[in-house]
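Residue numbers (the numbering used here): 2 to 224. Cβ atoms here follow ideal geometry from the backbone N, Cα and C, with glycine treated the same way.
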Ligand code: SAM
């Protein structure tokens, strides 16, 4: 998979995605991630990327021209252009799974200020994506979240592919509680059932715990 991130702060994405699992996935050529500065496609003397909104109002709006230039320079046949926006469809695990399995090339467009000129959305964008019901200062932070969630699902990225099968949301439930050594810490013992080696009983216990956790924290998932 190839992912291009278009923003005014490419270093945020480059630095965040260079570490840990996603960094290693890039080193192993399991994914190619390029973070670009939209300003590189601005052609005027001041390399302007924003202007005041028609109709008045607060803040600045990102201009059409550099974004159209950038997307037409980067897009390939079959690629999908995603716009990060709080007004988009909620990004969920199933969205990440869909992109990981169906897409070879994604372009993530990140807004700043008040957002982007609507003509960009109307003409270039296939999907508007929100990472939650709150407003960030810029879309590159959302893009890092989206890229991380997608790339970890690509083949061979996780050391153990089963990790992505058994975790929260993959089964429709939140994950069961996990424990590791020591067996007792400050008087708190690991549940006995996990120490007995009865795998059927452990599976049953974990499912009950996952159901109870989901019922308490996210009853909407059960509904
Ligand atoms: N005026 C916009 C609105 O009310 O919907 C908010 C603009 S926000 C300050 C600047 C940029 O941050 C947006 O264009 C978008 O790219 C990004 N952004 C902010 N919150 C986001 C979220 N919850 N999900 C995805 N992107 C977000």
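Is it buried or exposed, residue i, if we count other Cβ atoms within 10 angstroms and call 16 or more buried?
i, result
"residue 197", "exposed"
"residue 218", "exposed"
"residue 122", "buried"
"residue 152", "buried"
"residue 14", "buried"
"residue 189", "exposed"
"residue 5", "buried"
"residue 200", "exposed"
"residue 222", "exposed"
"residue 194", "exposed"
"residue 92", "buried"
"residue 112", "buried"
Just the Cα atoms here: how many angstroms apart are residue i and residue j?
i, j, result
"residue 2", "residue 98", "13 Å"
"residue 215", "residue 96", "20 Å"
"residue 19", "residue 182", "30 Å"
"residue 52", "residue 157", "44 Å"
"residue 133", "residue 87", "7 Å"
"residue 224", "residue 47", "53 Å"
"residue 83", "residue 131", "10 Å"
"residue 64", "residue 117", "7 Å"
"residue 90", "residue 11", "24 Å"
"residue 109", "residue 30", "20 Å"
"residue 127", "residue 81", "6 Å"
"residue 203", "residue 213", "15 Å"
"residue 27", "residue 56", "44 Å"
"residue 179", "residue 68", "45 Å"
"residue 85", "residue 140", "5 Å"
"residue 177", "residue 166", "13 Å"
Can you check DSSP and say which residues form a bridge with residue i?
i, result
"residue 91", "131"
"residue 83", "109 and 128"
"residue 63", "51 and 117"
"residue 37", "7"
"residue 185", "190"
Is residue i close to chain B, meaning its C-beta is less than 8 Å from at least one C-beta of that chain?
i, result
"residue 218", "Among the protein chains of the structure shown there is no chain B, as only one such chain exists."
At which residue ranges does the region 120-165 contain complete beta strand (DSSP E) runs of 3 or more residues, listed in the order of the chain?
128-131
Does the contact criterion of 3 or more C-beta pairs under 8 Å hold for the region 16-23 versus the region 144-163? yes
### Three-pair Cβ contact test at 8 Å for the region 38-51 versus the region 172-181
no
Item to check | At least 3 beta-carbon pairs within less than 8 Å: the region 102-115 vs the region 69-85 | outcome: yes
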